[in-house]
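What follows is one structure encoded as structure tokens, with my remarks underneath.
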Amino acid sequence: MALEQLNELVQRCWDVVQDDGFKPEDYELFLSAGQACIEQGEGEKLLDIVKDEKNTAIVRSMGWNLLGPLVQVLLKKEEKSLPHCLAILTHILEVCSAKELLVGLLEQVEEARIDAIADTICLLLTPLQTVLLKLGRKKASSVGMALSTLLTQISRLPVPYTEEQEEEDAHGLCRCCTALLGFVGPFVEEVERDLADASGPDDELRAELLKFCMKSMGEPLLQAQLKNVLETHENSPLRHFAVEIMGILSRIGESLPDLVFRHLLKKKEELGFLEEDARYPKESLACLAYLLFVQHISMEKFPATFSPVFVLHCNMEHINLFLSKTEESRLLKGLDLYEKSLVRVEDNSLPVDLLELKVFFSVPQNLVKVMTLCPIQHLRTKGLAVFQLSIDKFDMEAKYKFFKCMLKTSNHAGVEGYIIKNIRNQIDFALKPGNGNPWFLGTHLLPLLRLVLCLPQGPETDLLQGLDRVMESLNLLRYLLIRDKEWENETGIWTELYKIEDYYLKPLRVGLNMSKAHYEAELKSTKENRKIKAKESKATSPVCNVTVGNETLPNMTPEMQIQVLNSALCTFDLIESVLVRIEEIVEVKA
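Everything in the sequence shown is counted per this note's numbering, starting at 47 for the first residue and increasing by one.
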């Protein structure tokens with residue numbers, strides 16, 4: 047039936063071919079009849095009609111409408127229909143208008159179901175390439191439209207997280223990336239040839255390829271968990287994709303140093319090109335820096351003349367961008383890039399002038415958020431290691447000012463305790479013979495000690511919440527009183543001691559006594575309530591609520607409450623043991 051309708055339509059259309067007077071209903075009938083022929087297994091006969099020279103004009107005008115039905119049948123890969131449908135598609139690509147074919151093919155890519163994206167893209171890349179090459183020198187915008195559509199669809203596919211997932215490639219992302227490199231190859235070669243000619247390249251095509259590379263850096267490479275070439279198998283498709291994208295950038299005339307350092311060495315925008323942020327997205331440039339300095343991809347093309355301090359300075363913007371995000375892939379890339387940038391820098395060499403740059407303040411703040419708020423354990427652990435590495439690279443004056451800044455701004459007892467431990471290490475180093483250091487001795491040290499030895503809310507300070515800071519502060523004070531002899535007084539602690547007693551030790555003693563009394567009373571009350579409740583009911587019922595971070599936790603039984611209160615009292619005993627030792631030292635010295 048469908049074949050008969052198609053033959054009738056063809057006969058009727060012969061009379062209007064010369065005038066190109068096809069009506070909308072002719073197109074609809076051609077599509078419905080052709081689709082029915084394809085679906086009913088009449089592909090061989092349809093091929094005869096399509097290839098008949100008498101029907102060339104009709105096929106040229108209407109043939110591209112068959113792309114949809116052909117693609118659906120080809121995706122099913124039925125052996126009986128496959129050869130005829132492929133032949134029909136090949137003939138349509140030869141006869142029909144390149145612009146109409148381009149629109150039709152991209153429609154098929156855009157309309158693909160999520161579970162068929164990879165198969166659709168791999169099926170249509172060769173036809174798309176054929177169509178685009180037919181457009182000649184005027185294809186730049188069409189190439190850009192095709193690449194943008196393809197990458198948008200590829201970005202919908204989940205990115206493999208492990209090597210096993212990458213090998214399995216269940217969703218076809220790796221397959222698409224590999225096929226995409228073959229698709230873009232001829233266009234890269236064209237720009238490469240033009241660059242070698244005196245006439246210069248096609249700037250529009252080069253701009254579209256640059257957009258493709260930058261967008262690929264964002265998706266999928268920004269999410270990809272790439273491993274070092276020594277840690278992964280040689281055939282990693284995603285790593286191969288990253289290597290090729292970096293190679294394309296160089297082949298189309300983009301300078302890797304200019305890209306990495308673009309935010310510091312911005313060039314004047316060239317006429318006819320896209321706006322700066324559209325041409326060079328910040329996340330894409332950050333990913334490029336990661337591929338270069340962490341994965342060492344294309345590192346052989348990067349000049350070795352830049353100093354490690356300059357490279358660190360330039361990478362800080364990329365690092366800050368990564369660490370300001372919450373996704374694991376971005377955070378890990380930021381930590382890795384920071385670590386690799388720091389490792390090349392000599393210890394105790396970063397000058398204090400760098401701290402005047404905003405980014406050298408922003409990065410530690412974001413790093414603290416990773417260390418304290420990130421729910422992923424290995425990122426918190428790595429964050430702490432990189433944080434310490436960054437401290438090690440500053441010179442003494444920079445360390446001093448960095449510690450002061452972090453004590454004032456971190457607002458986290460654990461971080462403040464860690465900073466205080468570092469201050470103690472610096473003082474210990476300075477007190478050793480031959481290591482004289484004015485920043486952690488004498489008059490410079492005292493203002494830092496006043497920041498360390500303080501209670502933000504006086505006696506009412508929450509000692510449990512601030513435990514890490516309180517314990518490290520007391521341990522530092524005890525260390526100074528034991529290590530620095532009063533007749534030497536290199537740190538100035540002995541001239542400051544009477545003030546420390548007034549503004550720190552006495553308020554701490556009052557606050558400690560208040561806290562212990564409060565918790566002991568709560569413990570006694572809870573035990574008495576438990577006895578009363580036990581008499582009233584054999585079953586233990588919840589009797590109290592606990593609030594943490596403005597969120598109410600599930601009700602606690604009396605036994606749980608008693609355990610928490612006892613734990614708090616043990617903590618207060620721990621604080622008191624150090625405080626008593628300090629008081630004894632002060633009394634003996636006095």
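C-beta: ideal position from N, C-alpha, C; glycine also. These numbers come from a predicted model, not from an experiment.
Segment limits, alpha helix (DSSP H) that includes methionine 345 | Neither: methionine 345 is in no alpha helix (DSSP H) and is coded neither H nor E.
Validate contact between the segment 476-484 and the segment 429-438 using beta carbons, cut 8 Å, 3 pairs = no
Taking only runs of the alpha helix (DSSP H) that begin and end inside the segment 75-127, which ones reach a length of at least 4 residues, in chain order?
-> 89-97, 102-108, 113-122
Own chain residues within Cβ distance below 6 Å of valine 119, not counting five before or after = Ile84, Ser127, Cys131
Check leucine 227 in the structure and name its three-state DSSP category.
-> helix
Per DSSP, phenylalanine 406 forms a beta bridge with which residues?
-> Looking at the DSSP assignment, phenylalanine 406 forms no beta bridge with any residue, so it has no partner.
Can you give the Cα-Cα distance for glutamate 363 and valine 405, rounded to whole angstroms?
-> 7 Å
Rounded C-beta distance between leucine 569 and isoleucine 608? I'm assuming under 8 Å.
-> 7 Å
Please work out which residues of its chain come closer than 8 Å, Cβ to Cβ, to asparagine 361, disregarding the five sequence neighbours upstream and downstream, and give them in chain order.
-> Val306, Ala335, Phe339, Leu383, Tyr384, Ser387
Return the bridge partner residues of leucine 396 from the DSSP annotation.
-> Phe440
When the Cα atoms are used, what is the spatial distance from threonine 603 to glutamate 574?
-> 14 Å
Proximity to leucine 499 [Cα-Cα], best of Asn111, Leu396, Ser519 = Ser519
Range of the contiguous alpha helix (DSSP H) that encloses tryptophan 540 | 539-546
Could you pull out every residue in the same chain whose Cβ sits closer than 8 Å to the Cβ of arginine 35, ignoring the five residues on either side in sequence?
-> Given that the chain is displayed from residue 47 to residue 636, the structure contains no residue 35 and the question cannot be resolved.
Determine the burial state of histidine 705: buried for a count of at least 16 other Cβ atoms within 10 Å of its Cβ, exposed for fewer.
-> Nothing can be reported for residue 705: it is not among the residues displayed for the chain, which extend from 47 to 636.
Span of the alpha helix (DSSP H) around threonine 385 = As written in the sequence, residue 385 is glutamate, which differs from the threonine given in the question. That run of the alpha helix (DSSP H) goes 374-389.
The segment 449-459 in contact with the segment 409-418 per 3-pair CB rule at 8 Å = yes
So what's leucine 620 in DSSP terms, helix, strand or just coil?
-> helix
Check each candidate in Lys184, Trp110, Ile163, Ala164 and name the one with the smallest Cα separation from valine 149.
-> Trp110
Taking Cβ positions, are valine 637 and arginine 325 nearer each other than 7 Å?
-> For the chain, the structure presents residues 47 to 636; residue 637 sits outside this window and is missing.
Ordered along the chain, which non-local residues of its own chain (more than five positions away) have a Cβ less than 6 Å from that of phenylalanine 449?
-> Ile465, Ile469
Start and end of the alpha helix (DSSP H) containing threonine 195?
-> 186-200
Where the alpha helix (DSSP H) containing alanine 144 begins and where it ends = 144-156
Would you mind sorting asparagine 612 into buried or exposed? The rule is 16 or more other CB atoms within 10 Å of its CB.
-> exposed
Can the beta-carbon of leucine 255 be found less than 7 Å from the beta-carbon of glycine 299?
-> no
How big is the Cα-Cα spacing for valine 237 and arginine 159?
-> 34 Å
Where do the N-terminal and C-terminal ends of the alpha helix (DSSP H) with isoleucine 466 fall, by residue?
-> 459-477
Quickly, what does DSSP pair methionine 362 with across the bridge? List them, please.
-> Bridge partners of methionine 362: none, in fact.
Reference glutamine 269, options Ser561, Leu551, Leu487, Ser375, closest by Cα | Ser375
How big is the Cα-Cα spacing for lysine 562 and leucine 510?
-> 11 Å
Cβ neighbours of isoleucine 437 in the same chain (closer than 8 Å, five flanking residues each side left out) = Lys445, Phe448, Asn468
Spatially closest choice to arginine 496 from Ala476, Tyr544, Asp514, by CA coordinates = Tyr544
Is it true that the CB of leucine 147 sits closer than 7 Å to the CB of leucine 170?
-> no
With a floor of 4 residues, list each alpha helix (DSSP H) that falls wholly inside the segment 231-312, ordered by position along the chain.
-> 249-264, 283-297, 302-306
Give the single residue among Thr372, Lys184, Met260, Trp540 whose Cα lies nearest to the Cα of glutamate 633.
-> Trp540
Out of Gln423, Arg515, Arg308, which has the shortest C-alpha to C-alpha gap to methionine 452?
-> Arg515
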